[in-house]
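Novice:
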RNA sequence: GCGCUCGUAGCUCAGCGGAUAGAGCAACGGACUUCUAAUCCGUCGGUCGCAGGUUCGAAUCCUGCCGGGCGCGCCA
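In the UniProt record's numbering, the protein residues as written are 1 to 552.
Shown next, in the form of structure tokens:
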């Protein structure tokens, strides 16, 4: 398999023996991309003290000893850096390898893991709002990336389909449509609001709602049937949104909270038997070490509530146990907003203590920041209500020249920044055709497609005759580290940033290196570069869930 | 009060142990008888919140402050 290309790794491997020879012990060459050359190594600087020699001298020795075999030119620079300029031949040879590789130089992982990715998780009978947007988009990108790396990804949509609100919702359904009503929950948000209003206004309704919760939990058939209809109708609405957003979640991925209801008593019993629960104010709580709140008091994880009902912690613990024990997960990812960070840390800690989460299995909370309005506060409508996701998408689509462009703009804006930070929802910026935006990538891709069609003819071997060709060639070799970095850190924006760099390198190439007006080998070479770029952009955009259009 | 998180160009954001801190927007100046100018090139613009510390080297790591956001018992 000569098709796996990673220049950084290659240079690292060539430099390592030279550093070891000079230092007398293994030393990491620390090869990085550099603004002063293609790559640099700053390892000599760190060795200066231990070797008692000036860094430039060390760097020069390493440069002399390194067997780079014509792969790169090396010079000593600045305080003792090695500047590495890879040869055009190496770039060309690497691109040749890429030409016959449908994985574009990104190897399948040698250590596939079963990774459960929990994301989206909207609430039944409530329409999705902006709060669900980030989990859905980020989670989907991570699932796609890990999938493509060769991991076994299990997507889990942990629906909010259980709990006390359903007493209210079911009662409202009955009071508006009767037990057999062929209801149409057309506007789920309105439905929820109306139920809420009735609950707040009517004492008798509140009582019925509470009784209805009991009926639901005890398995009353009529109640269950009404509940099932609510859930089904909501799932249909969610699937429509996923379809619209090109999100890979399907009907088989729904695994709502209701799935774990039969396990909750067992969760409590087992934790109790292991001495992990204490009664406090009537509730059964776990107090994992290291979590303190007000007055330095330990923070409880309430597993069973004072009224005997189960808290969400019980459900999360049951779901975690199920994912490890029954699904055989090696890694658990929870793509859930930052505010729930402590909750998940506590759930993980309790699960570890219970032996449900062995050392060999990792659990990570993949948190993310909020979507803000122009005023810098959490995004709301003018009336102060939460914004429906569908309305947001409609606005973007209306403003864009094509639906795919508007939706991609929103998704890309969400994926292009560090997920931990908040960001301001600014539709104009998202739809901008220059800068690090979805439309910019889509435009670059569409241009290549148009160019390829017009040119006809076959691509040939890449030749480097211009700096722009060289820069593009080098950029094309960067997919592997970008994908790896994004997967390792669970940060899709690393891949997004790479794609923007690549598209920008292509735009410069497009300006400086005419294809149709060139001839022979140069033309064939440029067609090859364009083709590589198209394939790389297409794959990268796919991994982010951004549609690549052939025409705009 | 305790904990988590974020303070980088006027704005939106990258960079998170290495050399003069980078993009885009905005402002200003250029390049269209075009391969889709939805682009490209240039100029302007920063005591990287503040103060210490570690280090040959700090926007990056540690500590303390300041400022914003979030969390801290029966909602998920």
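Glycine included, each C-beta is placed from N, C-alpha and C at the ideal position.
Tell me the rounded alpha-carbon separation between residue 236 and residue 201.
Specialist: Residue 236 sits at position 236 when you count from the first residue of the first chain. Residue 201 sits at position 201 when you count from the first residue of the first chain. Cα to Cα, the separation comes out at about 30 angstroms.
Novice: If I'm right that residue 301 touches residue 286 with Cβ under 8 angstroms, what's the distance once you round it to whole angstroms?
Specialist: Locating residue 301 in the first chain gives position 301, where the first residue counts as 1. Locating residue 286 in the first chain gives position 286, where the first residue counts as 1. The pair is a contact, with the Cβ atoms about 5 angstroms apart (cut-off 8 angstroms).
Novice: Answer with buried or exposed for residue 122, where buried requires no fewer than 16 other C-beta atoms within 10 angstroms of its C-beta.
Specialist: Along the first chain, one-based indexing puts residue 122 at 122. The residue in question, residue 122, is buried, as its Cβ has 16 or more Cβ neighbours within 10 Å.
Novice: Please report the residue range of the alpha helix (DSSP H) in which residue 449 lies.
Specialist: The residue labelled residue 449 in the question sits at position 449 within the first chain. First-last of the alpha helix (DSSP H) with residue 449: 438 to 455.
Novice: Would you list the residues sitting across from residue 423 in a DSSP beta bridge?
Specialist: Here residue 423 corresponds to residue number 423 of the first chain, with the count starting at 1. Residue 423 is bridged to 371.
Novice: Whose C-beta lies closer than 7 angstroms to the C-beta of residue 397 among residues of the same chain, with five residues either side of it excluded?
Specialist: Working through the first chain from its first residue, we reach residue 397 at position 397. Same-chain partners within the cutoff: 403, 406 and 407.
Novice: Residue 40 bridges to which residues according to DSSP?
Specialist: The residue labelled residue 40 in the question sits at position 40 within the first chain. The partner list for residue 40 (beta bridge, DSSP) reads 32 and 83.
Novice: Pull the bridge partners of residue 115 from the DSSP assignment, please.
Specialist: Mapped onto the first chain, residue 115 falls at position 115. In DSSP, residue 115 forms a bridge with 153 and 331.
Novice: Does residue 477 come out as helix, strand or coil in the three-state DSSP assignment?
Specialist: Stepping through the first chain from its first residue, residue 477 is reached at position 477. Residue 477: coil per DSSP, three-state reduction.
Novice: Just to confirm, is the Cβ distance from residue 130 to residue 387 under 8 angstroms?
Specialist: The residue labelled residue 130 in the question sits at position 130 within the first chain. The residue labelled residue 387 in the question sits at position 387 within the first chain. Taking 8 angstroms as the Cβ cut-off, residue 130 and residue 387 qualify as a contacting pair.
Novice: Closest by CA to residue 497, which one among 535, 347, 357 and 416?
Specialist: Looking up residue 497 in the first chain gives position 497. Checked all of 535, 347, 357 and 416; the closest Cα to residue 497 is 416.
Novice: Output the boundary residues of the beta strand (DSSP E) element that contains residue 74.
Specialist: Working through the first chain from its first residue, we reach residue 74 at position 74. Unbroken beta strand (DSSP E) run through residue 74: 72 to 77.
Novice: Taking the alpha carbon of residue 551 as the point to measure from, which residue in 507, 453 and 535 has its own alpha carbon closest?
Specialist: As a working mapping, residue 551 is identified with position 551 in the first chain. Checking every option, the nearest Cα to that of residue 551 belongs to 453.
Novice: So residue 8 is in the beta strand (DSSP E); what residue range does that whole segment cover?
Specialist: Looking up residue 8 in the first chain gives position 8. Not the beta strand (DSSP E): residue 8 falls in the alpha helix (DSSP H), residues 7 to 23.
Novice: Quick one: what does DSSP say residue 2 is sitting in, helix, strand or coil?
Specialist: Within the first chain, numbered from 1, the residue matching residue 2 stands at position 2. Bear in mind that a pLDDT of 40 at residue 2, under 50, signals an unreliable position, so the number given afterwards is only what the model happens to contain. It is coil, neither helix nor strand.
Novice: Quick one: Cα of residue 55 to Cα of residue 481, how far?
Specialist: Taking the first residue of the first chain as position 1, residue 55 is located at position 55. Taking the first residue of the first chain as position 1, residue 481 is located at position 481. Their Cα atoms are separated by approximately 29 angstroms.
Novice: Return the chain-ordered ranges of every alpha helix (DSSP H) run that is complete within the region 118 to 177 and spans a minimum of 4 residues.
Specialist: Runs of the alpha helix (DSSP H) inside the region 118 to 177: 130 to 149 and 165 to 177.
Novice: For residue 350, which beta-bridge partners are listed by DSSP?
Specialist: Counting from one through the first chain, the residue named residue 350 turns up at place 350. Paired residue(s): none; residue 350 is not in a bridge.
Novice: With distances taken Cα to Cα, identify the nearest neighbour of residue 330 among 46, 59, 154 and 100.
Specialist: In the first chain, the residue the question calls residue 330 occupies position 330. Of the listed residues, the one whose Cα sits closest to residue 330 is 154.
Novice: Quick check for students: name the residue ranges of the beta strand (DSSP E) that lie wholly in the region 246 to 327, counting only runs of 3 or more.
Specialist: Here the runs fully enclosed are 277 to 280, 283 to 286 and 301 to 304.
Novice: Where do the ends of the alpha helix (DSSP H) carrying residue 362 lie?
Specialist: Position 362 of the first chain holds residue 362. Careful: residue 362 lies outside any alpha helix (DSSP H), inside the beta strand (DSSP E) at 362 to 366.
Novice: Three-state secondary structure (DSSP) at residue 548?
Specialist: In the first chain, counting from the first residue as 1, residue 548 sits at position 548. If DSSP states are grouped into helix, strand and coil, residue 548 belongs with coil.
Novice: I need the DSSP call for residue 26, collapsed to helix, strand or coil.
Specialist: Position 26 of the first chain holds residue 26. Residue 26 falls in the coil class under three-state DSSP.
Novice: Are there three or more Cβ pairs, one per stretch, closer than 8 angstroms when the region 472 to 481 is compared with the region 100 to 110?
Specialist: Contact holds: three or more Cβ-Cβ distances are below 8 angstroms.
Novice: How is residue 225 classed by DSSP in three states: helix, strand or coil?
Specialist: Numbered from its first residue, the first chain carries residue 225 at position 225. Here residue 225 sits in helix by DSSP.
Novice: Under the rule that 16 or more other beta-carbon atoms within 10 Å means buried, what is residue 1, buried or exposed?
Specialist: In the first chain, residue 1 corresponds to position 1, counting from 1. In this predicted model, residue 1 has a pLDDT of only 36, less than 50, meaning its place in the structure is not dependable; the value taken from the coordinates is given anyway. Looking at its Cβ environment, which holds fewer than 16 other Cβ atoms inside 10 Å, residue 1 is exposed.
Novice: May I ask you to verify whether the region 109 to 117 touches the region 133 to 150, counting CB pairs closer than 8 angstroms and requiring at least 3?
Specialist: At 8 angstroms Cβ cutoff, the stretches touch.
Novice: What did DSSP end up calling residue 94 once you bin it into helix, strand or coil?
Specialist: The count along the first chain starts at 1 and reaches residue 94 at position 94. Of the three classes helix, strand and coil, the one that applies to residue 94 here is helix, per DSSP.
Novice: Are there three or more Cβ pairs, one per stretch, closer than 8 angstroms when the region 525 to 545 is compared with the region 440 to 455?
Specialist: Touching, yes.
Novice: Going by other Cβ atoms of all chains shown within 10 Å of its Cβ, with 16 needed for buried, is residue 534 buried or exposed?
Specialist: Taking the first residue of the first chain as position 1, residue 534 is located at position 534. Flag for residue 534 reads buried.
Novice: Rounded C-beta distance between residue 420 and residue 369? I'm assuming under 8 angstroms.
Specialist: Indexing the first chain from 1 puts residue 420 at position 420. Indexing the first chain from 1 puts residue 369 at position 369. Sure, about 6 angstroms apart at Cβ, within 8 angstroms.
Novice: Can you give me the start and stop residues for the alpha helix (DSSP H) that residue 53 sits inside?
Specialist: Your numbering for residue 53 matches position 53 in the first chain. Unbroken run through residue 53: none, as it is neither H nor E.
Novice: Beta carbon of residue 545, beta carbon of residue 247: below 8 angstroms?
Specialist: As a working note, residue 545 is residue 545 in the first chain. As a working note, residue 247 is residue 247 in the first chain. Their beta carbons are under 8 angstroms apart, which means residue 545 touches residue 247 by this criterion.
Novice: With distance defined between alpha-carbon atoms, name the residue in 309, 356 and 341 nearest to residue 326.
Specialist: Residue mapping note: residue 326 aligns to position 326 of the first chain, counting from 1. Cα-wise, what sits closest to residue 326 is 356.
Novice: Excluding five sequence neighbours on each side, which residues of the same chain lie with their C-beta closer than 7 angstroms to the C-beta of residue 354?
Specialist: The count along the first chain starts at 1 and reaches residue 354 at position 354. 270, 271, 274 and 276.
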